[in-house]
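Heads up: the structure comes next, in structure tokens.
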Amino acid sequence: MEGGSPGRFTQFSASCARELMHDSRASAEGALAQRRLNRLQWPLLRLPPEILSMILYAVVFDTRSDLTKWMHYGHICHDLRAALLGMQTLWAGVVFDARYEHLREELLERAGECLLTIELGSKPSPHAVDRALELSVRARKLNAYGLLTDQMEAIVVALEQGLPSLVDLRLGWRHDAPPPPNALTAFSSLPELIVSKLHTLALLDIFIPFDISSLKVLSLTWNDTMPTPMQDARALADMLCRCEKLESLTLRGWIPERDTVLSIRQTISLPRLVHLALHQELDHVLALWALLKIPASASVSVSMPQEGWLGLLEGVLSLTDPLCAFLPHTQINGLSKISKISTFYNKHGLLGVRLGSADDNLCPSNVKPASIPHQISTSPWDSETSLAFSFSLYSDIVTPDEDAIFLHHLCRALEVSMDNIDTLECNLSNYHKVAVKNTFSIYTIFPAVTTLQLNNSERDDVDIGFVLGSLSPQGRNYFPKLQALHIARKFSSTDIDYILDTVKKRVDDGRPLRVLTLSGEFTGQEARTEVEQRFEQLRALVPSIRFDVSRRGYSLTP
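Residue 235 in numbering that gives the first Met the number 0 is what sits at position 236 of the sequence shown, and the numbering runs on without skipping anything.
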């Protein structure tokens with residue numbers, strides 16, 4: 000169990016998770032046989048299979064909120080206690096979890112000599128900080144985003160003395176007790192700290208010089224109104240040029256003024272970069288982007304600060320044309336590689352678009368990338384982690400008309416053909432019963448969509464049948480090529496009926512679905528057998544189907 004990565008499968012649905020659990024258990028059994036471990040050598044083998052599955056689930060899916068009951072179980076069953084005491088890596092990860100502060104010393108004992116994860120939370124107690132400093136030499140991860148001035152100084156002293164096992168470091172000030180202005184830059188003049196194994200560094204409203212040549216992840220955030228500690232664009236460029244091993248770079252508020260950045264005429268090469276996130280006014284972002292040289296396969300996320308709120312559509316559209324600067328990153332051989340679009344607008348006014356592409360390896364040099372035949376996947380596109388480019392800003396855009404116009408302008412700026420979009424994801428809360436005759440609806444501007452993902456966790460009153468009907472009441476043809484449908488939301492009884500009627504209608508029209516996924520919560524009052532009967536009717540109409548629907552905590556579907 001040691002060396003595991005708790006929570007690494009948390010993004011999967013419950014049904015997919017069960018498959019992963021089965022595969023993980025089979026793999027574990029194979030490893031046990033290979034290492035010739037038996038019941039005497041490994042206490043886990045003495046447990047009933049049901050208990051073993053519970054333990055695997057707790058480790059793999061990071062159900063740490065339930066660890067307290069596991070400690071009680073250990074006092075009931077000797078074999079389970081022996082097994083739990085042997086899972087030192089699991090306990091080492093929660094020694095500093097605020098929920099178990101009263102159990103910290105017992106958890107520390109159970110962790111044995113394992114390296115610790117130290118997470119101090121947003122308001123750590125003085126005792127927790129003192130204990131963390133005492134144990135910092137054993138820290139593998141140190142996450143302290145809620146420090147007071149004297150606590151930050153003590154952490155820096157510990158770093159100066161050397162933390163040989165530290166891999167992941169994240170530091171920031173306590174929000175409800177901001178430090179004096181001079182403290183924000185107090186550590187900027189220190190000699191570079193050398194932490195030999197450090198590969199992840201995240202600093203919030205503070206800068207501490209480190210030897211960053213071996214970093215894989217760097218995140219610098221500056222929310223304060225004071226100037227950043229590194230206003231010299233050349234100094235920032237020189238620092239980034241030393242990060243040749245960097246795989247992820249996030250800069251929030253750290254880019255100097257546009258003219259100072261462009262004046263240095265220096266190329267910043269990051270050959271291993273996988274993800275780039277730039278959060279600042281667009282002129283700052285474009286200035287730095289002009290200096291960057293990154294792999295074509297890297298994902299690029301650009302976001303505007305909330306202070307730059309744009310109330311009118313005209314203001315939003317004024318930002319789309321400059322995005323043509325990212326054309327080289329969204330094209331292959333001068334042609335757009337974009338075939339997937341995700342759009343969302345949340346209750347805080349954040350408007351966002353994510354663009355994705357098919358596997359670049361499938362694109363021969365003489366073939367238009369977006370014209371490659373689309374293979375229908377049985378799983379939804381994860382637009383948050385698998386994207387080529389994303390752009391977000393704060394705006395008062397609230398209608399599908401305005402959103403569709405925005406998407407149209409964005410696609411034009413990036414030379415994306417609407418006819419080449421085969422995957423569309425949208426948040427249903429944006430489009431609540433607002434498709435009216437003669438409107439420029441988002442449902443009509445992408446005629447080649449074969450995969451549609453409708454996501455909404457906040458509302459359950461959207462007319463899904465209206466959206467999905469192959470022929471609408473207005474005579475428009477919505478998604479004529481649709482083959483895969485993935486819906487994640489709260490489902491009412493009416494929703495299930497709409498979906499069933501829509502699927503039947505598409506079959507009758509000669510446009511059947513090949514893939515259907517439903518995930519979320521069922522809010523209807525019908526008996527479980529009635530709901531399952533509807534699901535069985537859907538199974539008879541769609542070749543590949545997956546349900547992950549629950550009601551009040553229990554699953555309605557196998």
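Glycine included, every Cβ here is placed at the ideal spot set by N, Cα and C. Owing to the predicted nature of the structure, the values given are computational and were not obtained by experimental measurement.
Endpoints, the alpha helix (DSSP H) within which residue i is located
i: Trp90; result: Gln87 to Ala91
i: Glu414; result: That residue, Glu414, is in no alpha helix (DSSP H); it is neither H nor E in DSSP.
i: Gln160; result: Thr148 to Gln160
i: Phe534; result: Arg527 to Arg538
i: Ala82; result: His77 to Leu84
i: Val448; result: Val448 -> no alpha helix (DSSP H), and no H or E assigned at all.
i: Ser492; result: Ser492 to Asp507
i: Val284; result: Leu281 to Trp288
Of the residues the options, the one placed nearest residue i, counting alpha carbons only
i: Met303; options: Pro294, Ala295, Gly314 and Ala297; result: Gly314
i: Arg109; options: Phe95, Glu118 and Gly120; result: Phe95
i: Val136; options: Ile117, Val284 and Leu354; result: Ile117
i: Ile404; options: Gln482, Leu334 and Thr319; result: Thr319
i: Leu423; options: Arg139, Thr224 and Leu354; result: Leu354
i: Ala447; options: Leu141, Lys339 and Lys215; result: Lys339
i: Thr580; options: Val415, Val352, Arg545 and Val284; result: Because residue 580 is not part of the residues shown, which for the chain are 0 to 557, the question remains open.
i: Gly145; options: Val156, Leu119 and Val166; result: Leu119
i: Thr184; options: Arg264, Asp175, Leu202 and His408; result: Leu202
i: Trp253; options: Trp221, Tyr477 and Ser356; result: Trp221
i: Arg257; options: Phe343, Trp288 and Glu243; result: Trp288
i: Leu285; options: His274, Trp308 and Leu322; result: Leu322
i: Val301; options: Ser262, Thr249, Arg538 and Tyr344; result: Thr249
i: Asp547; options: Glu531, Gly519, Thr528 and Val530; result: Gly519
i: Pro399; options: Ile441, Ser391 and Asn419; result: Ile441
i: Asp494; options: Thr522, Gly509 and Asp508; result: Thr522
i: Leu134; options: Glu280, Val530 and Pro163; result: Pro163
i: Asp167; options: Pro178, Leu214, Asp210 and Glu105; result: Leu214
i: Leu277; options: Leu316, Leu219 and Leu114; result: Leu219
i: Ser382; options: Leu413, Ser341, Ile293 and Gln536; result: Ser341
i: Cys113; options: Lys503, Phe209 and Gly85; result: Gly85
i: Gln536; options: Tyr497, Asp508 and Ser549; result: Tyr497
Alpha carbon of residue i to alpha carbon of residue j, nearest angstrom
i: Ala487; j: Tyr99; result: 33 Å
i: Pro542; j: Leu451; result: 17 Å
i: Glu159; j: Ser188; result: 14 Å
i: Pro511; j: His485; result: 14 Å
i: Arg173; j: Ser121; result: 6 Å
i: Leu217; j: Leu197; result: 11 Å
i: Asn454; j: Thr501; result: 18 Å
i: Gln87; j: Gly171; result: 29 Å
i: Asp402; j: Ala236; result: 36 Å
i: Ser385; j: Lys336; result: 14 Å
i: Asp129; j: Met151; result: 12 Å
i: Gln230; j: Pro255; result: 6 Å
i: Val506; j: Ala483; result: 13 Å
i: Ile558; j: Leu132; result: Lying before the first or after the last residue shown, residue 558 is absent from the chain, which here runs from 0 to 557.
i: Glu246; j: Pro226; result: 27 Å
i: Leu102; j: Asn142; result: 20 Å
i: Asp421; j: Leu406; result: 15 Å
i: Leu349; j: Ile396; result: 9 Å
i: Arg533; j: Leu499; result: 8 Å
i: Thr259; j: Ser317; result: 24 Å
i: Ala434; j: Lys504; result: Its pLDDT being 47, under 50, Ala434 is placed unreliably in this model, and the coordinates cannot settle the point.
Residue i vs residue j beta-carbon contact at 8 Å
i: Lys480; j: Thr449; result: yes
i: Ser492; j: Ala387; result: no
i: Thr266; j: Pro379; result: no
i: Ile559; j: Val194; result: The requested residue 559 does not occur in the structure, where the chain is confined to residues 0 to 557.
i: Glu233; j: Ile263; result: Correcting the residue identity first, residue 233 is Arg in this sequence and not Glu. For Arg233 and Ile263, yes; Cβs fall inside 8 Å.
i: Leu291; j: Leu269; result: yes
i: Ser389; j: Val352; result: yes
i: Leu558; j: Leu392; result: The chain is shown only over 0 to 557; residue 558 falls outside these bounds and no answer can be derived.
i: Phe186; j: Ile211; result: no
i: Pro180; j: Pro208; result: no
i: Asn426; j: Tyr344; result: yes
Heavy atom of the ligand SAH within 7 Å of residue i beta-carbon
i: Glu133; result: Among the components modelled here there is no ligand, and therefore nothing to report on the ligand SAH.
Residue interval of the beta strand (DSSP E) (run including residue i)
i: Trp380; result: Element bounds for Trp380: n/a, residue is neither H nor E.
i: Ala276; result: His274 to His278
i: Leu183; result: From DSSP, Leu183 is part of no beta strand (DSSP E) but of the alpha helix (DSSP H) over Pro180 to Leu183.
i: Gly519; result: Val514 to Phe521
i: Phe186; result: That residue, Phe186, is in no beta strand (DSSP E); it is neither H nor E in DSSP.
i: Arg169; result: Asp167 to Trp172
i: Leu44; result: Looking at the DSSP string, Leu44 is not in any beta strand (DSSP E), and its letter there is neither H nor E.
Unbroken stretches of the alpha helix (DSSP H), 4 residues or longer, contained in the stretch 309-368:
Positions of the alpha helix (DSSP H) runs, each at least 4 residues long and wholly inside the stretch 309-368, are given as 312-316 in order along the chain.
Only counting runs of 3 or more residues, tell me where the beta strand (DSSP E) segments fall wholly within the stretch 198-256, in order along the chain.
Qualifying beta strand (DSSP E) stretches, in chain order: 199-203, 216-220 and 247-251.
Which whole runs of the alpha helix (DSSP H) in the stretch 93-139 are 4 residues long or more, in chain order?
Correct list: 103-109 and 125-134.
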